[in-house]
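For the sequence shown, counting from 1, position 461 maps to 461 in UniProt numbering; every step adds exactly one. Backbone N, C-alpha and C fix where the C-beta goes; we use that ideal spot for every residue, glycine too.
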Amino acid sequence: MAVCCDLEVDVNGEETFMVDKKIIASYCGRLSKLFGKPTGSARNLKVIFNDFPGGAESFELMSRFCYNNGGTAITPSNISFLHSAAQFMEMNNSVSGTHNLLEETGKSLEEMNYWTWSELLIATKKCQDLLPFPNSTGILEKCVDSLIGRITTSGEPSPCPSTSSPDSSGVRLSCDTRSTESLKNSFSRATWWFEDLLVLSTNLVGMVLKSMVSQKFDHVIISRFLFYYQKSKCYTGTSDEKRKVVETVIDMLYILDWNSVSFKSLFGILRVALNLNISKCSRTKLESMIGSQMDQATLDNLLIPSPYGMNYLYNVNLVLRFLKAFLHGGISQVFPIQLRKVASLMDYYIAEVAPDPCLKPSKFLALAMALPDSARESYDGIYRATDMYLEVHTGLSKEEKMKICCALNYEKLSAEACIHLSQNKNFPSKFAVQALMSQQVKLKSLIKATGKTKCYIDSSSGVSETGSKGKKNETSKQIVLYAGKLDLPADNDKLRAHLQRMQWRVAELERVCMKMQAPMTKIMRSRVSNYRTYRSLPKLCS
């Protein structure tokens, strides 16, 4: 049969094919409808396809099927193109061709469960070239579902001999016992597919993992694969390709259970993301994940250099956003132990950034006041950091100094810190007075409580043996009452030992008080013109 190339077909602007209109139309319902009954009079026709699935490669495979009268072999490497082309060109029972390509590819897809892992991977990889086109997701979804099903049900190591567990080097397991060997084998069975899926595009990986999440796949394994995928893909590629990979990985990690995501690995992604200018949405998601686990961070994690073009040393704004994310659910949602760990970490961080001469007062104040007062049992760390900041930033105005000093809770300073503060020229004198007053109040309260305890213990030991029985009972009741309030043991010997310890503490505090009186007197005399009476002393900063 003579072949007449009377039809020009432009496929997606990629390539132009000259084909026999009669042969192609006999298999393709779409062209058959377009041309109607052939009259033989029309010559040099041209058809333009702008959304042909699979492009020129797919059209060529379809054309060969038509020219070979359906003799083209259908394999895992070409089934995705042939099936999508058959759908697009309506190659079904509505045409007069003896071979129905849509039906034949459908039968091959039904046998997908019998394909090897390699064949399934090849078919899925070919599907990624079909992603931009509509009506091509049917075969893609089948391939993805079969791929996940194979990963889920496989109890053997990787079917591909070249495949190895990507994270096995990061898991230190001893082979001395059967239990550790079993754990190692279990880990290998769970991660054997990591390296094989690296051949898939970023979009297709996202589709596969979303399907895994919907099917309740283990989130720990998914997160490990995402970190492995990001590290592998970011070794090579352009900046745009790396940015797309990082954004996809962050978006996928965000939909997982955050407790299943490695905190250390999140900071690894952060270091990469800071150099790629990722989207604001992805950046916010990453910061939220890190901030939610802020109690696991270390000082080294937070000492992130400032962005290019900024004159301050560390990225303080980023740490403030971490803290905002940490407190996002409200104080009631944070365990006290977590809050105190973060507060202790922030004390070290603030002390580290305080000597930076370019750190603005507003940023230092924001760091010092980012956490609620209940997060800290002692403000000594904040005091030391504030002292360093004021020592370096000598050009601050009086108003700026006052704002910074108001960030401290002087009632939570130790006696040693208060003594240091009373002699510290960096702090305004009103805050030294305030700190000393707080210490005096605490001292008086302790002495008063100790005096009461001593009084009742002495009254108990001094009762005459010939005294009335009622007085003895009354005194005994008082001893028991106050012992209960103070949580002291009932035995008198233990009471005396406890009292001796209390008296020693009082004596120690009295010595501290004597040391505090001299600087306080000096300060009071220097401020006598401004403070005429005791009641006019400055109020505590709120």
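Counting along the chain, Ile48 sits inside the beta strand (DSSP E) bounded by residues Leu45 to Phe49.
The three-state reading of DSSP puts Phe267 in helix, counting H, G and I together. At a Cβ-Cβ threshold of 8 Å, Gly13 and Asn92 do not count as neighbours. Look at the beta carbons and you see the segment 368 to 383 touching the segment 405 to 414: at least three pairs across the two are nearer than 8 Å.
Residue pairing by DSSP puts Asp10 in a beta bridge opposite Thr16 and Ile48. The criterion of a C-beta distance shorter than 8 Å is satisfied by Phe263 and Gln296. DSSP places Trp117 in the uninterrupted alpha helix (DSSP H) bounded by Trp117 to Cys127. Here Phe81 really is in contact with Lys126; their C-beta atoms are around 7 Å apart, less than 8 Å.
Of the residues Ser201, Ser374, Ser108 and Thr116, the one whose Cα lies closest to the Cα of Ile139 is Ser108. The C-alpha of Leu209 lies about 19 Å from the C-alpha of Lys242. If you compare the alpha carbons of Pro76, Leu131 and Glu90 with that of Glu110, the shortest gap goes to Pro76. A Cβ-Cβ contact shorter than 8 Å links Phe322 with Met294. For the pair Phe427 and Tyr410, the CB atoms are not nearer than the 8 Å cut-off. Short of 7 Å from the beta carbon of Asp129, and not among the five residues preceding or following it, lie these beta carbons of its own chain, in chain order: Gly54. A direct Cα-to-Cα measurement between Tyr312 and Ile304 gives close to 11 Å. Taking a cut-off of 8 Å on C-beta distances, the segment 236 to 255 touches the segment 270 to 278, as three or more cross pairs fall below it. For Asn317, the enclosing alpha helix (DSSP H) starts and ends at Val316 to Phe326. Our two residues, Pro372 and Leu302, have alpha carbons roughly 20 Å apart in a direct line.
When the Cα atoms are used, Tyr348 and Asp218 turn out to be separated by approximately 37 Å. Under the DSSP assignment, Tyr348 falls in the alpha helix (DSSP H) whose first and last residues are Pro336 to Val353. In this structure, DSSP gives Pro76 a state outside helix and strand, which the three-state scheme calls coil. A straight line joining the alpha-carbon of Arg340 with that of Trp258 spans about 21 Å. Taking a contact as a CB-CB distance under 8 Å, the pair Val316 and Val342 does not count as one, their CB atoms being some 16 Å apart. For Thr238, same chain residues with a beta-carbon under 8 Å away, outside a window of 5 residues either side, do not exist.
At least 8 Å separates the beta-carbon of Asp10 from that of Asp20.
Nearest in C-alpha terms to Ala385, of all of Ser397, Leu421, Lys398 and Trp192, is Leu421. The three-state secondary structure of Pro357, taken from DSSP, is coil.
Counting the other Cβ atoms within 10 Å of the Cβ of Ala73 gives fewer than 16, which makes it exposed.
Taking the C-beta atoms as reference points, Val249 is found nearer than 8 Å to Ile269. Annotation for Thr394: no alpha helix (DSSP H) segment contains it, and DSSP assigns it neither H nor E.
Annotation: Leu436 to Ile419 spans about 8 Å, alpha carbon to alpha carbon.
Out of Leu256, Ile255 and Arg283, the CA that lies nearest to the CA of Phe267 is found in Arg283. Nearest to Phe17 by alpha-carbon distance, out of Gly395, Ser154, Leu31 and Val47, is Val47. Shown here for Glu391: same chain residues with a beta carbon closer than 7 Å to its own, the five before and five after excluded, namely Asn426 in chain order. As DSSP reads the structure, Pro305 sits in a beta bridge with Tyr314. In the displayed model, Asn113 falls within a helix according to three-state DSSP.
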